[in-house]
Amino acid sequence: MIILGIETSCDDTGISLIRTDKKKIEVLSNAISSQETIHSPYGGVFPALAKREHQKNIILLLEKGLKKAKLLKKGVEGIDEKKLKKVKDALERSPELYEKIEVFLKTYAKPEIDKIAVTIGPGLEPCLWVGVNTAKALSYYWDIELVPINHLEGHLIANHLDQDNELQFPAIGLIVSGGNTQIVLIEGLGKYKVVGETKDDAAGECLDKTARLLGLGYPGGRKISELASKCNSNQFNISLPRPMIHDKSLDFSFSGLKTAVLYETKKRQSEILLSKDYREEMAKEIEEAVVEVISKKIDKAITKYSAKRLIVGGGVSANKKLRTSLKKIAREKGITLSFPKMAYTGDNAAMIAAIPALVENKKTISWSRLKPNSNLRLNDR
């Protein structure tokens, strides 16, 4: 079975083709178009701009992905004008996207695809609509099954891509990204219960916002980590809070950390704020605060639920300090730890395509009923 994955939840456009046989997954192609340089001047993702870029790139990526997977074939045996008209009507609010889809459908033959999996949420609604509309058009015109996918589940499944991971349950999942920070009890593939989550800012969002306060640009998490790795002094004695680290719950709160950084920087003279040593020391303290809080909560969760395995996913899971800390916890607890390969830590369509292959009885939906849900939760079905 071959599955097409489509991902447009934030600022990365993703198209992937996977082949699956008895739950073994082969990634045939995984094309990603990053908007990092476009949003960098804004210090974060600008939704309207992100939507425009998705519309500009998604069909180009589809061609690229199909070509790499050796599924792109020119030549169409007749154009179904009635179907095209129906697609056009369905995409009446996205004429630019429809024009690109129309040209594509008139140029290339239907590929050998069995299912289309598309992210419907959570995420930025203008961005989600681009992927959803593309999936609707292809599903209807090609008459291919359509599977709506929760983006958060993708991050938990990503560790199965290009590596063999033994299934051990119960497991604890950690989703840590720019938009989400959650601890999940996993009792089986597709069986999730959120047992801890941020009450305000996500860890990645906190890193982005504090990086902005330091004038580091976007994406902040990577910039913070790069600076922190260079720090070898403690001359400014910076001390930031570890919010909710001693709270009995498994919940997080990172807005207080962001506020503490704001107040810390306000009391410093401008020449100090701009100094290399100060910024490196501040970055190190920010990173350590985030990692310590996450690690403490994960330690508690593993003990509370007698977890046999820790599964980590999301863009922040690429952070070296976090990986080192979680490896230490897993070693001490005697449990299995799995991270996604670096290529699959951020948003990508391969993890979306993999879900119908790995999770049994994933529901399909009619193309006409498909719509995004920007506030979709992992517990939602």
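For the record, in the sequence shown the residue sitting at position 275 is 425 according to our numbering, with numbers rising by one throughout. C-beta atoms are modelled at their ideal positions from N, C-alpha and C, and glycine is treated no differently.
Query                                                                                                                                                                          : Result
In angstroms with no decimal places, state the Cα-to-Cα distance between residue 265 and residue 338.                                                                          : 23 Å
With DSSP collapsed to three states, give me the class of residue 341.                                                                                                         : strand
Using DSSP with H/G/I as helix, E/B as strand and the rest coil, what is residue 172?                                                                                          : coil
For the alpha helix (DSSP H) containing residue 194, list its first residue and its last residue.                                                                              : Run containing residue 194: none; DSSP gives neither H nor E here.
Would you kindly report the start and end of the unbroken beta strand (DSSP E) that includes residue 354?                                                                      : Taken as a continuous stretch (DSSP letters only), residue 354 belongs to no beta strand (DSSP E), being part of the alpha helix (DSSP H) at 353-363.
Starting from the N-terminal side, write out each stretch of the alpha helix (DSSP H) that is 4 residues or longer and does not extend beyond the region 359-412.              : 370-378
Which residue wins for smallest C-alpha separation from residue 498, given the options 195, 326, 308, 230?                                                                     : 308
Could you check how far apart the C-beta atoms of residue 495 and residue 464 are, in whole angstroms? I think they sit under 8 Å.                                             : 7 Å
Alpha carbon to alpha carbon, how far is residue 154 from residue 270? Give it in angstroms, no decimals.                                                                      : 15 Å
Which value, in whole angstroms, describes the spacing of the CA atoms of residue 374 and residue 459?                                                                         : 29 Å
Kindly indicate which three-state DSSP category residue 255 falls into: helix, strand or coil?                                                                                 : helix
Tell me the start and end of each unbroken beta strand (DSSP E) in the region 264-327 that is at least 3 residues and wholly inside, in chain order.                           : 265-271, 295-300, 321-326
Which two residues bound the contiguous beta strand (DSSP E) that contains residue 505?                                                                                        : Looking at the DSSP string, residue 505 is not in any beta strand (DSSP E); the run it does join, the alpha helix (DSSP H), is 500-508.
Per DSSP, which one or two residues make a beta bridge with residue 462?                                                                                                       : 324
Please report the straight-line C-alpha distance between residue 417 and residue 272, rounded to a whole angstrom.                                                             : 38 Å
Where does residue 179 sit, in a helix, a strand or coil, going by DSSP?                                                                                                       : strand
Using DSSP with H/G/I as helix, E/B as strand and the rest coil, what is residue 226?                                                                                          : coil
Excluding the five sequence neighbours on either side, which residues of its own chain have a C-beta within less than 7 Å of the C-beta of residue 468, listed in chain order? : 492, 495
I need the boundaries of the alpha helix (DSSP H) containing residue 445, first residue and last residue.                                                                      : 426-454
Apart from the five residues just before and just after residue 422, which ones in its own chain have a Cβ nearer than 7 Å to its Cβ?                                          : 428
In terms of residues, what are the limits of the alpha helix (DSSP H) holding residue 536?                                                                                     : Residue coverage of the chain in this structure runs from 151 to 531, which leaves residue 536 outside it and unanswerable.
Should residue 440 and residue 324 be called a contact, given that it needs their Cβ atoms to be closer than 8 Å?                                                              : no
Quick test of your reading: residue 334 and residue 528, contact by CB under 8 Å. State the CB separation rounded to the nearest angstrom.                                     : 6 Å
If we count Cβ pairs, one from each stretch, closer than 8 Å, do we get three or more for the region 347-361 versus the region 404-414?                                        : yes
Please report whether the beta-carbon of residue 221 lies at a distance below 8 Å from any beta-carbon of chain B.                                                             : This model lacks chain B altogether, as it is built from one protein chain only.
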